[in-house]
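Here the sequence shown is numbered in this note's numbering, starting from 2 and rising by one per residue.
Contents: one structure, followed by commentary.
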Amino acid sequence: MAAPFLYVPEASSDALPVPVPYHNAYYSTPQTAHTPFLPPSPLVYPSSPYRGADGAGANLPTYSPNAVPWPQDVQPHESAPWAPLRPPRERTSSWAAPSPRSGSPFLQPTLPKFLRAGSPGHRKSQSTGAFAPPAWALGAPAQLLAAGAPMIHPWLNGDAPSAALFFDLAPALFAPRCLASRPGAPPWHRTLAQPELAAGAFWPPRTTLRILLPRLPFWPIDLAPARAQDPVQAPPPPITLGDVLAALHHALHVRAAAADWGALPPADRAAVSAAFTQRCRAEAMRSGVPAAQLREREAEERQKGMKRVDFLGGMTVFKGLVKAPPDPEGCVRMVTA
Numbered sequence: 002m003a004a005p006f007l008y009v010p011e012a013s014s015d016a017l018p019v020p021v022p023y024h025n026a027y028y029s030t031p032q033t034a035h036t037p038f039l040p041p042s043p044l045v046y047p048s049s050p051y052r053g054a055d056g057a058g059a060n061l062p063t064y065s066p067n068a069v070p071w072p073q074d075v076q077p078h079e080s081a082p083w084a085p086l087r088p089p090r091e092r093t094s095s096w097a098a099p100s101p102r103s104g105s106p107f108l109q110p111t112l113p114k115f116l117r118a119g120s121p122g123h124r125k126s127q128s129t130g131a132f133a134p135p136a137w138a139l140g141a142p143a144q145l146l147a148a149g150a151p152m153i154h155p156w157l158n159g160d161a162p163s164a165a166l167f168f169d170l171a172p173a174l175f176a177p178r179c180l181a182s183r184p185g186a187p188p189w190h191r192t193l194a195q196p197e198l199a200a201g202a203f204w205p206p207r208t209t210l211r212i213l214l215p216r217l218p219f220w221p222i223d224l225a226p227a228r229a230q231d232p233v234q235a236p237p238p239p240i241t242l243g244d245v246l247a248a249l250h251h252a253l254h255v256r257a258a259a260a261d262w263g264a265l266p267p268a269d270r271a272a273v274s275a276a277f278t279q280r281c282r283a284e285a286m287r288s289g290v291p292a293a294q295l296r297e298r299e300a301e302e303r304q305k306g307m308k309r310v311d312f313l314g315g316m317t318v319f320k321g322l323v324k325a326p327p328d329p330e331g332c333v334r335m336v337t338a
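Structure representation (structure tokens):
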């Protein structure tokens, strides 16, 4: 009866006192993934935030091409020939991902979502961004819209004043009105609604504006964003019709200083004094107090002092804005009657 076969593993040549000239070349192959078809270079694969500094994967099990898989082994490396086929993982947005080549005919550079129009990285100048043309501008010829010719709201056009808008700057109450009509009824004036006040005043939209008062050249009215524009945040909204009308009303109802009265020519002081008296009396009439209290209400209004609107000399009905040749860009003049 033959003895049972016993397998005795071959001793390594390093462990023997005398080097063994004959050893198995298969098991002495260096345990690295060198192959003539895959050069050992991290440049074979695209850069990834999950790769280590040496180009190898981080926290991945070592893999040897001469290792023999066993059933009790843990999940093998994905690059092993016995690894199951898996669908490719969808790539998510990554700040470390490489940017596409600008010279490629297939990958055209696009504006990132986080780079908004108006920021320093945006190359397009005078972009209207996400603002659509207002309703009043849609009736303009298509050539003007395509060329980006500057246009102004019809109710603000001082070169062709619109009869639809009536805005008296003298009353203390801000109440611009527009002409309304109904079938079978005479036309009347109603207060402007919020959508009408929110309409854009210019196209292309503007975010800054200076209004000059011909009768009051020392009181320019500036419209600008309340705070400095941050390139990271959204651009400021465009100037609307309500912004222009409210800025005019607010600036003209500021109390005038004694120096302003002293700077008036003697010929204009009589007209300004008459306008002041007329405004105080009209304000008492609009208050709705009984007739016996009109004088008292007018005296209360006089105690508030003279306002800048009185320097218009009674010409307080707004007729629009005009552009004069010597005025710089973004500067217009107010017309009243």
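Backbone N, C-alpha and C fix where the C-beta goes; we use that ideal spot for every residue, glycine too.
For L242, the enclosing alpha helix (DSSP H) has its first and last residue at L242 to L253. Around the beta carbon of E299, 16 or more other beta carbons sit within 10 angstroms, so the residue counts as buried.
Rounded to the nearest angstrom, the gap between the Cα atoms of T192 and W262 is 34 Å. According to the DSSP secondary-structure assignment, L217 is paired through a beta bridge with L214. Looking only at F203, A199 and D269, the smallest Cα-Cα distance to H154 is reached by F203. DSSP places A181 in the strand class (E or B) of the three-state scheme. In this chain, A259 is not harboured by any beta strand (DSSP E); it is covered by the alpha helix (DSSP H) spanning A259 to G263. Under the 8 Å Cβ criterion, the region 244-262 counts as touching the region 301-314, having at least three qualifying pairs. Residue nearest to G315 within the set P134, T337 and R178 is T337 (criterion: CA-CA distance).
In the pairwise beta carbon analysis, the region 196-212 is classified as touching the region 242-254: at least three pairs are separated by under 8 Å. Per DSSP, F319 is one residue of the beta strand (DSSP E) stretching across F319 to V323. Secondary-structure assignment with DSSP links D223 through a beta bridge to R211. Per DSSP, V310 is not a residue of any beta strand (DSSP E), being assigned neither H nor E. Collapsing the DSSP output to three states places F277 in a helix. Per DSSP, the continuous beta strand (DSSP E) segment holding A186 begins and ends at A186 to T192. The three-state reading of DSSP puts L295 in helix, counting H, G and I together. Around the beta carbon of W189, a 10 Å sphere encloses fewer than 16 other beta carbons of the protein chains shown; the residue is thus reported as exposed. Ranked by Cα distance from F319, the first of R282, A136, F132 and A171 is A171. About 6 Å separates the Cβ atoms of V323 and D160, confirming a contact at the 8 Å cut-off.
DSSP places M152 within a strand segment (E or B) once states are collapsed to three. Cβ-Cβ separation between A173 and E284: approximately 6 Å, consistent with a contact (criterion under 8 Å). Burial is judged here by how many other beta carbons sit within 10 angstroms of a residue's own beta carbon; G331 has fewer than 16 and is exposed. With respect to the 7 Å criterion, L166 and C179 are classified as neighbours on the basis of their beta carbons.
When only Cα atoms are considered, A136 and A194 end up about 15 Å apart. A distance below 7 Å separates the beta carbons of P205 and G149.
In the structure shown, the three-state DSSP call for M316 is coil.
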